[in-house]
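In the working numbering, the protein residues as written are 1063 to 1332.
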């Protein structure tokens, strides 16, 4: 079964031509390329393109992703299972699609670390859908394994992340992880920056346990902390030691309202 777009025309254009123009505007022509190894993990935001398109496109343009990607995001709807995998078909958007790597999805489910085949969690979820056109723009041949994450136990996130790491390590071809997450929601820009700097510092020094603890103890409304924690456990097991912040911004840049913003960050784990 193919996953049909549900937020086209709201979060991003439903016209293929207009969508491509926006993707080109936000992503440009820059491509990391070169001979350096692929990036194991990047984090990009998932709001409407007028708000988060720039940090998303800029981060993806500076990254070097493999041809196969674990696409991990939060569960805003509460539907489905804690670790819900869309394991068959394609993800469509206006003017294109990305195919699911069904073999890789099956391995994830067979790891018996909580991943299950579940389309319900993805049926109305926007956090992964808005990233798919960007990935297709950069590499139309890319295959994805979409996972919607609401698992809140740190120990379970560690087990799941380390299962991903084992699959990545055993693969004959490189695999990357892309996490979809916004940062603080509906606070002032100054407060968002103060809170988010703590979370981003933990991400950049590659400490998934500390990220989880900092976000929880400071009540930071980082919606993708669960998939990011899981992915960081995976990247850490694979030897990643640090990351870099590509861009941090907030919705006030688009609306002019800095008293109640949503903040966005793009990060590359090297």
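All C-beta atoms in this analysis are idealised placements derived from N, C-alpha and C, irrespective of residue type, glycine included.
Keep in mind that this is a model prediction, so the values were computed, not measured.
Given residue i as reference, the closest of the options once Cα atoms are compared
{"i": "residue 1185", "options": "1319, 1254, 1321, 1066", "result": "1066"}
{"i": "residue 1063", "options": "1167, 1216, 1149", "result": "1149"}
{"i": "residue 1166", "options": "1147, 1122, 1182", "result": "1147"}
{"i": "residue 1076", "options": "1154, 1135, 1291, 1251", "result": "1154"}
{"i": "residue 1204", "options": "1325, 1097, 1132, 1310", "result": "1132"}
{"i": "residue 1230", "options": "1103, 1114, 1314", "result": "1103"}
{"i": "residue 1137", "options": "1089, 1316, 1213", "result": "1213"}
{"i": "residue 1225", "options": "1145, 1139, 1113", "result": "1145"}
Segment limits, alpha helix (DSSP H) that includes residue i
{"i": "residue 1226", "result": "1216-1232"}
{"i": "residue 1123", "result": "1111-1124"}
{"i": "residue 1316", "result": "1314-1317"}
C-alpha distance - residue i paired with residue j, whole-angstrom precision
{"i": "residue 1055", "j": "residue 1217", "result": "Outside the shown range of the chain (1063 to 1332) lies residue 1055, about which nothing can therefore be said."}
{"i": "residue 1188", "j": "residue 1070", "result": "10 Å"}
{"i": "residue 1284", "j": "residue 1151", "result": "30 Å"}
{"i": "residue 1164", "j": "residue 1289", "result": "20 Å"}
{"i": "residue 1161", "j": "residue 1175", "result": "24 Å"}
{"i": "residue 1233", "j": "residue 1191", "result": "26 Å"}
{"i": "residue 1262", "j": "residue 1273", "result": "8 Å"}
{"i": "residue 1125", "j": "residue 1100", "result": "8 Å"}
{"i": "residue 1221", "j": "residue 1275", "result": "17 Å"}
{"i": "residue 1271", "j": "residue 1172", "result": "25 Å"}
{"i": "residue 1044", "j": "residue 1266", "result": "The structure shown does not extend to residue 1044, since the chain spans only 1063 to 1332, so no value can be given for it."}
{"i": "residue 1287", "j": "residue 1309", "result": "18 Å"}
{"i": "residue 1243", "j": "residue 1128", "result": "20 Å"}
Element boundaries [beta strand (DSSP E), containing residue i]
{"i": "residue 1208", "result": "1205-1211"}
{"i": "residue 1242", "result": "1238-1242"}
{"i": "residue 1085", "result": "Unbroken run through residue 1085 is the alpha helix (DSSP H), 1078-1089; no beta strand (DSSP E)."}
{"i": "residue 1326", "result": "1323-1331"}
{"i": "residue 1103", "result": "1103-1106"}
Proximity test, Cβ basis, 8 Å: residue i and chain D
{"i": "residue 1112", "result": "Absent here is chain D; the protein component of the structure consists of one chain."}
Runs of 4 residues minimum, wholly inside the stretch 1244-1312: which ones carry the alpha helix (DSSP H) assignment? 1251-1266, 1270-1279, 1287-1299
Below 8 Å, how does it come out for the stretch 1206-1222 and the stretch 1243-1260: are there three or more Cβ pairs, yes or no? no
Ignoring anything shorter than 3 residues or poking outside the stretch 1135-1162, list the beta strand (DSSP E) runs there in chain order. 1145-1147, 1152-1155, 1158-1162
Could you pull out every unbroken beta strand (DSSP E) segment of at least 3 residues lying fully inside the stretch 1158-1196, listed in chain order? 1158-1162
Would the stretch 1168-1180 count as touching the stretch 1104-1119 if we require 3 or more Cβ pairs under 8 Å? no
Within the chosen definition, does the stretch 1294-1312 reach the stretch 1074-1090 through at least 3 CB pairs nearer than 8 Å? no
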